[in-house]
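Residue numbers (the numbering used here), protein chains in the order written: chain A, 251 to 624; chain B, 251 to 624.
Using N, Cα and C, we set each Cβ at its ideal position, and we do this for glycine too.
Owing to the predicted nature of the structure, the values given are computational and were not obtained by experimental measurement.
Scroll down for the structure; my scribbles are underneath it.
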């Protein structure tokens, strides 16, 4: 009784179309076609995330293959060409990526460049006829996010944002516990994602022009997402506070931020994030009759949780694929969206919503006032 | 190596005077005298807390004995008289308690009446020459707290506030971890105390005139205390948000509140409290090089914690006395303060500080603005 609904929910969520029996034949056929077809991905931006997570995860996908790269560093191009057997014709720079338009090997571009370059590269890719999966945060401003949505729509290309937790079974199980009110109505969500950003001072994450912001934009966004996907609601008011314990290192971007948010049903959230602390990331949802939590809940690997009734929330089958599970699931989902099997649960509009809320939290930090959202 | 400093810290904290070797002879003599002498306590207010926690805990103290009661309910007086063998001359009502002045059986009064009556009863007791231990929150306003401090000082009587966690070894161990910077500098404290207030609608806790406030005053104060005793600092700014999911039951007092606070060293806190959720109470302190947490940390019984290095924070010897441990430790400490062995770590000024901060959080909830504290 306990295991079945959980599995069913996750299967439904992972492949939303399966939930509608009347189109099951169509879907079965589409899935069969999908199984045969692999979407060619070009990675745009070959930094740490592409190198250590996304490219290795691509090797574990069912419907994707790494067919191209876009990089500003010729030495990286040579290395990736050899390592992943990428034909020379599929290697582009940011200046030449518009020429992908006539390259049938590349169906989709995964934009993994610095935040404030996402719009530029997304628009170039969409105008070249490619679908776009873009890393979070979507961009450095709501205006840029809107432009990305508009251009992709005009080009009739799919746009999705890389919210990997939305494909992660521990998080999906928490969404189920919330939606099915297993512990009654939600009251409070406490969420946090704190890391120690050990990067050289020249890294783009410290540069506001390239990042758009610091800890809040980069890792706080996971806690923000959790408050939204657990409640299934949009915040109506937010307020925040900031502190800097290392104002030299974090001269341009936020280091440590707390914020609180109020949701229409009465749920309320208190959250925190840092670039200058030890690693902690997850959330606890406190409801009328009990609680559930993931601790950790936002890691690449090793997420696990507990419930107030003593049950564990754990998926060893996810752990077996380790840090590559979430990125592989996210990319396969996007591939299946392109193949017409289903709609994405992480469209550009989802990234835009977060940017509007993040912008409101920054505004509250500046003004010392609660900011209403509506 | 690990066990020794911990034990030593707790012994020092439990009996601060022992930390100063040059007065050890004096202290040893005072302690020996203290061991012989028992302070006579009168309980003022025989509600649930007195009945189920404080009176039973008194039976486990070393330096206290229950010698009197003050109650407005004659039936309760009869019951307690029989149960605890209290002489008729030591039984008072709120109207007659001034007459305690000529009763040598009673050295101290433990005020356990509704919050907004604490000043009245504290002042009556102090003017009758009795030392006062008063439950938290100290009163319903800062002004009343100040009045209590002033009257006790003028009467040359001790005044302490019943912050039981300040005598609880799991919490003391967390204070040690913070003070000794075992995990480096603190960055963020996430604290919460959420309960389900299952009381009849006529209970004084729902009545603002008697309680002064709801969840924030009653249980949120534990989370507030934790942010203060872990940092060892006073907040310089706070902001809060409130929500009511049951506006009928919680017509007069706050039901669910989140707040955030900023401390001078740069530590920042995000906290939550509720009267209408499942039971959760504790905190996590995230520092530069690791973290430690109590979950739960504010319960009468069963508190325990973890550290980022995998070590558990647990005191089975505390669990063995169960729910009576903290109250017994708190009362013995107060008795030893009266006997001159040491100074209290929870003076009236400590209760006043919390009231000022709680008042600032309520103000922020009303105005939607961050409130500075100075």
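For a Cβ distance threshold of 9 Å, nothing in chain B lies close to residue 503 of chain A: the least Cβ distance comes to about 16 Å. DSSP places residue 399 of chain A within a helical segment (H, G or I) once states are collapsed to three. Chain A places no beta carbon closer than 8 Å to that of residue 402 of chain B, leaving this residue out of the contacts. Excluding five sequence positions before and after residue 494 of chain A, the CB atoms of its chain that fall closer than 6 Å to its own CB belong to 500 and 505, given in chain order.
DSSP, read as helix, strand or coil, puts residue 531 of chain A in strand. Within the DSSP bridge table, the entry for residue 506 of chain A names A/493 and A/524 as partners.
Contiguous alpha helix (DSSP H) elements confined to the segment 551 to 607 of chain B occur at 566 to 571 and 575 to 588, taking only those with 4 or more residues.
Under a 10 Å Cβ-count criterion, residue 522 of chain A is classified as buried, with 16 or more other Cβ atoms of the shown protein chains found around its own Cβ.
The three-state reading of DSSP puts residue 315 of chain A in strand, counting E and B together.
Apart from the 5 residues on each side of it in sequence, residue 384 of chain B sits with its Cβ closer than 6 Å to the Cβ of 361, 368, 372 and 411 in its chain, given in chain order. Residue 299 of chain A sits in a helix when the DSSP states are folded into three classes. Following the DSSP letters along the chain, one finds residue 308 of chain A in no beta strand (DSSP E) but inside the alpha helix (DSSP H) bounded by residues 305 to 308. Of all residues in the segment 281 to 315 of chain B, none comes within less than 7 Å of chain A when Cβ atoms are compared. Think of a sphere of 7 Å around the beta carbon of residue 619 of chain A: the chain B residues whose beta carbon falls inside it are 618 and 619, in chain order.
Pairing residue 540 of chain A with residue 433 of chain A gives a Cβ-Cβ distance under 8 Å. Residue 358 of chain A: member of the beta strand (DSSP E) spanning 358 to 361, first to last residue. Within the segment 412 to 457 of chain A, the beta strand (DSSP E) runs of at least 3 residues that lie entirely inside it are, in chain order, 436 to 446. A distance below 8 Å separates the beta carbons of residue 438 of chain A and residue 524 of chain B. The beta-carbon distance between residue 409 of chain B and residue 399 of chain B, rounded to whole angstroms, is 6 Å. This is short enough to meet the 8 Å contact definition. In this structure, DSSP gives residue 377 of chain B a helical state, which the three-state scheme calls helix.
At a cut-off of 8 Å between beta-carbon atoms, residue 516 of chain B makes contact with chain A. Only exposed fits residue 590 of chain A, as fewer than 16 other CB atoms lie within 10 angstroms of its CB.
When beta bridges are read from the DSSP output, residue 536 of chain A appears opposite A/438 and A/541. Contact with chain B is absent for residue 384 of chain A, since none of that chain's Cβ atoms lies less than 8 Å from the residue's Cβ.
Here residue 472 of chain B carries a helix assignment [DSSP, helix/strand/coil]. Nearest to residue 583 of chain A by alpha-carbon distance, out of A/413, A/497, A/507 and A/464, is A/413. Under the three-state reduction of DSSP, residue 487 of chain B is assigned to strand.
Identification of chain A residues near residue 540 of chain B by a Cβ-Cβ cut-off of 8 Å yields 528, ordered along the chain. For residue 325 of chain B, the enclosing alpha helix (DSSP H) begins and ends at 324 to 334. Excluding the 5 residues flanking it on each side, residue 615 of chain A has same chain C-beta neighbours closer than 6 Å at 490 and 492, in chain order.
Against chain B, the beta carbon of residue 521 of chain A has neighbours under 8 Å at 520, listed in chain order.
Only those residues of the segment 405 to 434 of chain B whose C-beta falls short of 9 Å from the nearest C-beta of chain A are listed: 433 and 434. Taking the C-beta atoms as reference points, residue 456 of chain B is found no nearer than 8 Å to residue 358 of chain B.
Per the C-alpha coordinates, the member of B/542, B/592 and B/403 positioned closest to residue 530 of chain A is B/542. Residue 578 of chain A places its beta carbon 8 Å or farther from that of residue 289 of chain A. Per DSSP, reduced to three states, the secondary structure at residue 394 of chain A is helical.
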